[in-house]
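Colleague: Sharing a structure here in structure tokens format.
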Amino acid sequence: MTEVDLHLRINGNPVNVRAPEDAMLLEVLRERLHLPGTRFGCGQEKCGACMVLIDGKPEFSCARAASTATDRDIETVDGLPKDDPLLVSLLKHQAAQCAFCLPGIIMSAKALLKRSSRPDRSEVLSALEPHLCRCGAHQRIVKAIMSVEAS
Amino acid sequence: MKSPSLAAAPLVADWLDLSEAGTVSIRTGKVELGQGVLTALVQVASRSLGIDPSRIKVVSGITGATPNEGYTAGSLSIPHSATALEAACDTCISVFRADVAKRFGLDPDAVGLINGTFNGPDLPDGLSIWSIAADIGLGFEVGDAFDRPLENRPGASLPRIDLPLKIAGGGMIQDIAVDDVLHARVLRPPRLGARVNTDGLSESDRADCVIEGSFVAVVDDDFLALARKAERLANRLTWSGGIELTSDMLRPETLRNFPHKLVEVGEEAADAPAGEEVTAVYRRPYLMHASIGCVTALARWTDEGNLAVISQTQGPYQLRSALAALFEIEESAVDVTHAPGAGCYGHNGADDVAGDAALIARHFPGRTVRVSWSRAEELASAPLSSAGEVEISAKLDPNGRPMAMSLDIVSATHARRPGTAPSGTLLAELQKDAVSQLSEPIELPALHGFGGLRNAMSPYAIPAQYAKLRLVDPPGLRTSAMRGLGTHLNVFAIESFIDELAARAGTDPLSYRLELLEDPRARHVLSRVAETAAWANRPEGGTGEGWGIAYSRYKGRAAYVATVAQVTVDEAVRVDRIWSCADAGRVINMDGLRNQIEGGIVQSASWALFEEVRLTDERTLPQAWDDYPILRFSDLPEISLEILEATDPLPLGAGEVAVGPTTAAISNAVAHALGVRLRSLPFSRDKIMTALLQV
Chain A
121 MTEVDLHLRI NGNPVNVRAP EDAMLLEVLR ERLHLPGTRF GCGQEKCGAC MVLIDGKPEF
181 SCARAASTAT DRDIETVDGL PKDDPLLVSL LKHQAAQCAF CLPGIIMSAK ALLKRSSRPD
241 RSEVLSALEP HLCRCGAHQR IVKAIMSVEA S
Chain B
2 MKSPSLAAAP LVADWLDLSE AGTVSIRTGK VELGQGVLTA LVQVASRSLG IDPSRIKVVS
62 GITGATPNEG YTAGSLSIPH SATALEAACD TCISVFRADV AKRFGLDPDA VGLINGTFNG
122 PDLPDGLSIW SIAADIGLGF EVGDAFDRPL ENRPGASLPR IDLPLKIAGG GMIQDIAVDD
182 VLHARVLRPP RLGARVNTDG LSESDRADCV IEGSFVAVVD DDFLALARKA ERLANRLTWS
242 GGIELTSDML RPETLRNFPH KLVEVGEEAA DAPAGEEVTA VYRRPYLMHA SIGCVTALAR
302 WTDEGNLAVI SQTQGPYQLR SALAALFEIE ESAVDVTHAP GAGCYGHNGA DDVAGDAALI
362 ARHFPGRTVR VSWSRAEELA SAPLSSAGEV EISAKLDPNG RPMAMSLDIV SATHARRPGT
422 APSGTLLAEL QKDAVSQLSE PIELPALHGF GGLRNAMSPY AIPAQYAKLR LVDPPGLRTS
482 AMRGLGTHLN VFAIESFIDE LAARAGTDPL SYRLELLEDP RARHVLSRVA ETAAWANRPE
542 GGTGEGWGIA YSRYKGRAAY VATVAQVTVD EAVRVDRIWS CADAGRVINM DGLRNQIEGG
602 IVQSASWALF EEVRLTDERT LPQAWDDYPI LRFSDLPEIS LEILEATDPL PLGAGEVAVG
662 PTTAAISNAV AHALGVRLRS LPFSRDKIMT ALLQV
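Protein chains in written order, with our numbering: chain A, 121 to 271; chain B, 2 to 696.
Structural data, given as structure tokens:
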């Protein structure tokens, strides 16, 4: 297995990391950089648990080679401050059950809120379409995203 | 009534630890699965002891350290664990207060308690629950809980104690970092009972493997290297034998072809009453747990042969017994500690992955082995929830009301968890021995609310009711517990059938139900949900828009739930709105209760519309989300939920109560929209298209 040096910019910080040349971005985040927030759900870009932002756009990280994300801005849930208005709203609405799906959903919601500070229900539903939640916390998650207070 | 949880943990010391001044540790055998149980327990202890919740720590699901309360399952955590903990806290306070009163010659009522500190006339400073505990200990028996005024105040909900960490991307078993961890992945057989041939493995391949019988696992210090190696080595194995699945075997229609064991409830009417007989058959396919996360476990053996496991199991003690049996060691040599994972709705792969990790770790004493399943394993290797078929027959009186009703149910078992059989409940063992014949299927007894027979007795005042379960054992399919067990199929069937009877009688389905329901709490939830959903404005049927109503009381003894669904049907079913009303008795944490019922509604809607285990390539269980679609955000109905004021001091349990009535209400709404009754789940696009051709 050939390991290569990757230069990544994660949550504003430049990092150099060695990883197999075919390593997926999620693998590098979790297993090399020990940023546990981004979740492995399927490895097939089908559930959204691994969603990160790359240059501000939601992208699956589980089946995307890390080498394609060098010199781009990668944002993960680990980089959000505790008082981030979206996190505050999710807690206020107790918008989770197991919460495994949330870090990915949060990243998609961050991108949405950047485009639309007061999204309506259909905007939220369509932004969350790549995501699966099995506990059925959907309605709370949607309401929490719709009612994020502008910071 | 004393909580059954107190039987194995009768002392206050089993539930409380006051050894650290200023904080209270509570102990529970129940575990956090995302349902918020630990928060509810902190709230109970906080209220009873008068201690701020921030000073209460929870110790949960650790063998040897917490009470053995069985599985965290069956909507029983609040009814059993919260009531036991509350009684323990109340007993502690009353014993301590009496002790203080006696020592200082006071009336116990004159002894005050604020945030753990006693106060009263002439009491010295610093007299606290901690100082008294240090003096007299907690080794006294748990008595009765205090009588409390009933209150179901939403403001009284303590926010989830575990959510801040989890929302920010932490707190999961997958996040536990261990130095010197050895990662492992099991190479799975393509079907149950297949034997492996490892001739294709080179010597160096073998050095990276643990092989016991047909159990083959790959190990590596580096998780990234492991994933690649596992893929490579999997292609070098060949498998033979085992049970080939066919698409036909998964159809609920074929269940009746298997030999069965008969279990009955109620009395078959000796003299069948005269009257018109109506019969209908309802079916449900096999379902999957389909959690979003993949189950994970860590295991480590000491040189002395002791095993420590960290697991997301629902039953740490039951897993411990299964591990001890598998390795033929004393239970006392095994420690199981619970750690939270992604949502768990029954017997999924959580115990299996712990068995995998323990079996592999035995080859590396002193090292922690971590196994995290792949998505393919998460879907195809975990137990399934059984398909089922119910034939309902009723004899009607001249007014079209049932005088006798009987259910003939056929289903595989809902109970193959560790503890249900002496061996063979962990996948690692089944794979190692290439077992194709699983443990004898069992039906849970009435005490546990049955399995396939759960909710088979209708709640309606029908003079003669009878149900029989033909418990079958379809080869090659490992079925076990998933949310609600048989309640989903049985409530779907009974509530659909009642609607059909109402239609025959030319009566509104709400009025028809109310005529047949005697329990005032049942009538109340139905009437309330009809009112909030404006049932009186229900449109004419057959227009593509449908309203349906359904009622059930889970297990006949948990919360009462009535539900109205509004759907639109064109080429597919869209659930637009769900109204639900529940009476769950005394509520501990109102928001937690609501969250559980909302989640049950969404999950049930997903089962009703989308879910069905079908073979890919005609022989493989689904291994990817594309092969097992579930409800997506765009399918989300608007949900309105009302929880009634408590009239009952007992908490009734609510985690699973919504799954039956939600699917049933959708079924009735679909029938109303189409003017044609569909009796087989799911109400998929294919089924709708077929039905539309018949209209």
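We treat Cβ as the ideally placed atom computed from N, Cα and C, and that holds for glycine.
Considering Ala228/B, what are the terminal residues of the alpha helix (DSSP H) in which it resides?
Modeller: Looking at the DSSP string, the run of the alpha helix (DSSP H) that includes Ala228/B is 224 to 235.
Colleague: Of the residues Glu245/B, Leu166/B, Ala208/B, Gly170/B, which one's Cα is nearest the Cα of Pro190/B?
Modeller: For Pro190/B, the nearest C-alpha among the options comes from Glu245/B.
Colleague: Is Val143/B helix, strand or coil by DSSP?
Modeller: Of the three classes helix, strand and coil, the one that applies to Val143/B here is coil, per DSSP.
Colleague: By the 10 Å Cβ neighbour count, where 16 or more other Cβ atoms means buried, how is Asn198/B classified, buried or exposed?
Modeller: Exposed is the call here.
Colleague: Mind listing which residues of the segment 124 to 144 of chain A have their C-beta closer than 9 Å to chain B's C-betas, in chain order?
Modeller: Residues passing the 9 Å Cβ filter: Ala139, Pro140, Asp142, Ala143, Met144.
Colleague: Any beta carbon from chain A within less than 8 Å of Met591/B's own beta carbon?
Modeller: No, because no Cβ of chain A sits closer than 8 Å to the Cβ of Met591/B.
Colleague: With a Cβ-Cβ cutoff of 8 Å, do Ser26/B and Ala85/B count as a contact?
Modeller: The answer is no: Cβ separation not under 8 Å.
Colleague: Can you grab the Cα-Cα spacing for the pair His81/B / Arg417/B, in whole Å?
Modeller: In a straight line, the C-alpha of His81/B is about 22 Å away from that of Arg417/B.
Colleague: Kindly indicate if chain A contains any beta-carbon less than 8 Å away from that of Ser553/B.
Modeller: No, no contact with chain A.
Colleague: Taking the straight line between their C-alpha atoms, what separation do you get for Leu42/B and Leu159/B?
Modeller: Rounded to whole angstroms, Leu42/B to Leu159/B spans 10 Å at the Cα level.
Colleague: Compare the C-alpha of Cys167/A against each of Glu254/B, Gly543/B, Arg376/B and name the closest.
Modeller: Minimum Cα distance to Cys167/A is reached at Arg376/B.
Colleague: How about the segment 433 to 449 of chain B and the segment 208 to 216 of chain B: do they share at least three Cβ pairs that are nearer than 8 Å?
Modeller: Enough Cβ pairs lie closer than 8 Å, so yes.
Colleague: Where in the segment 133 to 215 of chain B do unbroken runs of the beta strand (DSSP E), each at least 3 residues long, occur, reported from the N-terminal end onward?
Modeller: Those beta strand (DSSP E) runs which fall completely within the segment 133 to 215 of chain B and span 3+ residues are 183 to 188, 196 to 198, 210 to 213.
Colleague: The segment 607 to 627 of chain B: which residues have C-beta closer than 7 Å to a C-beta of chain A, in chain order?
Modeller: Flagged, chain order: Ala625, Trp626, Asp627.
Colleague: Can you check DSSP and say which residues form a bridge with Gly408/B?
Modeller: The question names Gly, yet the displayed sequence has Leu at residue 408/B. Paired residue(s): Ile393/B, Ala468/B.
Colleague: Relative to the C-alpha of Leu327/B, which candidate in Ile63/B, Thr297/B, Pro419/B has its C-alpha closest?
Modeller: Closest option to Leu327/B, Cα to Cα, is Pro419/B.
Colleague: Taking Glu179/A as the query, report the chain B residues whose CB atoms sit under 8 Å from its CB, ordered along the chain.
Modeller: Near Glu179/A there are no residues of chain B at all, since even the closest Cβ is about 17 Å away, more than 8 Å.
Colleague: Rounded C-beta distance between Leu164/B and Gly243/B? I'm assuming under 8 Å.
Modeller: With 8 Å as the limit, Leu164/B and Gly243/B do not qualify as a contact, their Cβ atoms being about 43 Å apart.
Colleague: Taking Cβ-Cβ distances shorter than 7 Å, what residues in chain B pair up with Asp198/A?
Modeller: The contacting residues are Gly170.
Colleague: Under 8 Å Cβ-Cβ, which residues of chain B neighbour Arg192/A?
Modeller: What Arg192/A touches in chain B: nothing, since even the nearest Cβ is about 21 Å away.
Colleague: How big is the Cα-Cα spacing for Leu632/B and Ser607/B?
Modeller: The straight-line gap from Cα to Cα measures roughly 5 Å.
Colleague: With a threshold of 8 Å, are at least 3 pairs of Cβ atoms found where one atom belongs to the segment 241 to 248 of chain A and the other to the segment 205 to 212 of chain A?
Modeller: Because the criterion of three Cβ pairs below 8 Å is not met, the segment 241 to 248 of chain A and the segment 205 to 212 of chain A do not touch.
Colleague: Going by C-alpha distance, which of Leu114/B, Leu34/B, Ile168/B, Val13/B is nearest Lys202/A?
Modeller: Answer by Cα proximity: Ile168/B.
Colleague: How long is the line joining the alpha carbons of Ala395/B and Ser407/B, rounded to whole angstroms?
Modeller: Ala395/B and Ser407/B: Cα-Cα distance of roughly 6 Å.
Colleague: I want to see whether chain B comes within less than 8 Å of Lys263/A, judged by CB atoms only; does it?
Modeller: Not closer than 8 Å to any Cβ of chain B, the Cβ of Lys263/A fails to qualify, so no.
Colleague: Give me the chain B residues within the contact set of Cys170/A, using Cβ-Cβ distance strictly less than 8 Å, ordered along the chain.
Modeller: Residues of chain B passing the Cβ test: none, with the nearest at roughly 11 Å.
Colleague: By how many angstroms is the C-alpha of Ala655/B removed from the C-alpha of Ser553/B?
Modeller: If I take the Cα positions, the gap works out to 12 Å.
Colleague: Of all the beta strand (DSSP E) runs that stay within the bounds of the segment 638 to 677 of chain B, which reach a length of 3 or more residues?
Modeller: Entirely contained in the segment 638 to 677 of chain B, the beta strand (DSSP E) runs reaching 3 residues are, in chain order, 639 to 644.
Colleague: Listing by chain order, which chain B residues have their CB less than 7 Å from the CB of Met121/A?
Modeller: Within chain B, the residues near Met121/A are Ala226, Arg229.
Colleague: When you compare the CB of Ile162/B with every CB in chain A, is at least one pair closer than 8 Å?
Modeller: No, its Cβ sits nowhere closer than 8 Å to a Cβ of chain A.
Colleague: In this structure, does DSSP put Ala300/B in helix, strand or coil?
Modeller: DSSP places Ala300/B in strand when its eight states are reduced to three.
Colleague: Along the chain, where does the alpha helix (DSSP H) containing Glu379/B start, and where does it finish?
Modeller: Here the alpha helix (DSSP H) through Glu379/B covers 376 to 381.
Colleague: Mind checking Arg235/A: buried by the 16 CB within 10 Å criterion, or exposed?
Modeller: With fewer than 16 other Cβ atoms within 10 Å, it is exposed.
Colleague: Would you mind reading off the limits of the beta strand (DSSP E) that contains Ile579/B?
Modeller: First-last of the beta strand (DSSP E) with Ile579/B: 574 to 584.
Colleague: Within the segment 26 to 70 of chain B, note down every full beta strand (DSSP E) run reaching 3 residues or more, in order along the chain.
Modeller: You should have 57 to 61.
Colleague: Quick test of the definition: if touching needs 3 or more C-beta pairs under 8 Å, does the segment 259 to 278 of chain B touch the segment 455 to 473 of chain B?
Modeller: Yes: at least three Cβ pairs fall under 8 Å.
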